[in-house]
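Chemist: Residue numbers (this note's numbering): 297 to 538.
C-beta: ideal position from N, C-alpha, C; glycine also.
Everything numeric in this text was worked out from a predicted model, so none of it was measured.
The structure is given below, and queries will be raised subsequently.
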Amino acid sequence: MLSFLSNTQTQRAGERGSVLIIIFVAVALFAALSFTVADIMRSGDPNMMAEEQAKLFADELLNDAQNFRLAVQDMKISNGCADTDISFANNIIAGYEHTPEAPDTCKVFNAAGGGMNFIKPSADMFDPNFASVAPSFYERWVFVGNTLVTDIGTTAPELMATVSFLRLGICEAINDRAGVPNPPPVVNLGGFPLVFTGTYTSTTTLGTGAHSALANKPFSCLQLGNTLSAGSYVFNYALISR
297 MLSFLSNTQT QRAGERGSVL IIIFVAVALF AALSFTVADI MRSGDPNMMA
347 EEQAKLFADE LLNDAQNFRL AVQDMKISNG CADTDISFAN NIIAGYEHTP
397 EAPDTCKVFN AAGGGMNFIK PSADMFDPNF ASVAPSFYER WVFVGNTLVT
447 DIGTTAPELM ATVSFLRLGI CEAINDRAGV PNPPPVVNLG GFPLVFTGTY
497 TSTTTLGTGA HSALANKPFS CLQLGNTLSA GSYVFNYALI SR
C-alpha cells in the first residue's frame, strides 16, 4: 500500500513537472512572438509589415480617396465647377493656388466647396528609406493632373489623388482590391509630377506595355522605375476620369 502511494505521488509530481515545462515553453514562445512583432513594427523594411495591418491601411487610403472623389463630383454637379476649376488650395501645403484664383465653391478644402479637411496619412504607411528623397511628397496626399490611364474616360489626362513612398505590403493590398496582379507593375515617369493648379498636361500614361495591367483601372499601385524615387511605391486614384 505504501509502495502504491509512493508511486502515485511520484507520478503526480512528474505530471506537475511536465505541466510547468509546457507553461514555461508557452511563455517563452509568446515572448519570442511579441519580440518579433515589435521588431517588425520598428523596422523600416517595407516587406515586414503584417498582412492584416497592410490591408487596414489600404482600406483607409481607398476610403479617403473615395471621399475626395465624392467631394469633387458634388462640386461639379451642385456648384457647376469645370474640371479645370477644381482646386486643392489649403492652409497647410502651399502650391495649389490657381491663377486666377478658383472660386471657393470649387475648392475641395473649403466649406463652400467640398467641405473636406486636409488629411495626413498615418506615418506608419510610409517607407522611411525615402523620407529625404522628396519631402514635399512624403507622408501626404498629392493631387496631380498629368497622368493618363488607358481605357478610362477619353485620351485626356485624369485628375488624380496620389500617395507616394508607401510600404510594399500596402501597395500589394491596394492592387488586390483593384484586380491588378502583384508584384506592382514598374512604371517610368514621363515627367516629374506637378501639383494640380487647373492645367492638365499628359506626361505619364498608365496601362501600356510592361504595365498594361493598369489599363482600365481607376485606382492602382505601381513601382517607380526611374527618377531618384526608383523602387518606391505610388498609389493612384482617379478623381475625374476625363
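Relative to the C-alpha of Asn375, which residue among Asp355, Cys402 and Glu454 is closest?
Modeler: Cys402
Chemist: Applying the criterion that 16 or more other CB atoms from any shown protein chain within 10 Å of the CB defines a buried residue, is Asn425 buried or exposed?
Modeler: exposed
Chemist: Alpha helix (DSSP H) containing Gly449: first to last residue?
Modeler: According to the DSSP assignment, Gly449 belongs to no alpha helix (DSSP H), since it is labelled neither H nor E.
Chemist: Can you name, in chain order, every residue of its own chain whose Cβ lies under 6 Å from the Cβ of Thr500, other than the five neighbours on each side?
Modeler: Closer than 6 Å at the Cβ level, and outside the excluded window around Thr500, lie Thr443, Leu485 and Gly486.
Chemist: Drop a sphere of 10 angstroms on the beta-carbon of Ala474, count the other beta-carbons inside from all chains shown, and report buried for 16 or more, exposed for fewer.
Modeler: buried
Chemist: Grab me the residues of Phe515's own chain with a C-beta within less than 6 Å of its C-beta, minus the 5 sequence neighbours each way, in chain order.
Modeler: Ala474 and Tyr533, listed in sequence order.
Chemist: Which residue comes first and which comes last in the alpha helix (DSSP H) that contains Pro374?
Modeler: As written in the sequence, residue 374 is Ser, which differs from the Pro given in the question. Ser374 -> alpha helix (DSSP H) spans Glu347 to Ser374.
Chemist: Give every residue of the same chain whose Cβ lies closer than 6 Å to the Cβ of Phe433, excluding the five residues on either side of it in the sequence, and list them in chain order.
Modeler: Ser460
Chemist: Are there 16 or more other CB atoms within 10 angstroms of the CB of Ala385, so buried, or fewer, so exposed?
Modeler: buried
Chemist: Please identify the residue among Asn359, Phe492 and Leu357 whose C-alpha is closest to the C-alpha of Pro453.
Modeler: Phe492
Chemist: Does Val321 come out as helix, strand or coil in the three-state DSSP assignment?
Modeler: The predicted model places Val321 with a pLDDT of 48, which falls under 50 and marks its position as unreliable; any figure quoted below should be read in that light. Helix.
Chemist: Nearest-angstrom Cα distance between Ile536 and Thr395?
Modeler: CA-CA distance, Ile536 to Thr395, rounds to 21 Å.
Chemist: Residues in the same chain with beta-carbon distance under 6 Å from Val438, minus the five sequence neighbours each way, listed in chain order, please.
Modeler: Thr458
Chemist: Give the single residue among Thr504, Cys467, Pro431 and Val368 whose Cα lies nearest to the Cα of Glu356.
Modeler: Relative to the Cα of Glu356, the nearest Cα in the group Thr504, Cys467, Pro431 and Val368 belongs to Cys467.
Chemist: In this structure, does DSSP put Met421 in helix, strand or coil?
Modeler: helix
Chemist: Determine the DSSP secondary structure at Leu455, reduced to helix, strand or coil.
Modeler: strand
Chemist: Please tell me whether Gly410 and Ala346 are closer than 8 Å, where the distance is taken between their beta carbons.
Modeler: no
Chemist: When you compare each of Asn359, Met456, Met412 and Val482 to Thr380 by their alpha carbons, which one comes out closest?
Modeler: Met456
Chemist: Would you kindly check if the distance between the Cβ of Val440 and the Cβ of Leu539 is under 8 Å?
Modeler: Nothing can be reported for residue 539: it is not among the residues displayed for the chain, which extend from 297 to 538.
Chemist: How should Ile388 be labelled, buried or exposed, when 16 other C-beta atoms within 10 angstroms of its C-beta is the threshold for buried?
Modeler: exposed
Chemist: Are the beta-carbon atoms of Leu462 and Asp423 separated by less than 8 Å?
Modeler: yes
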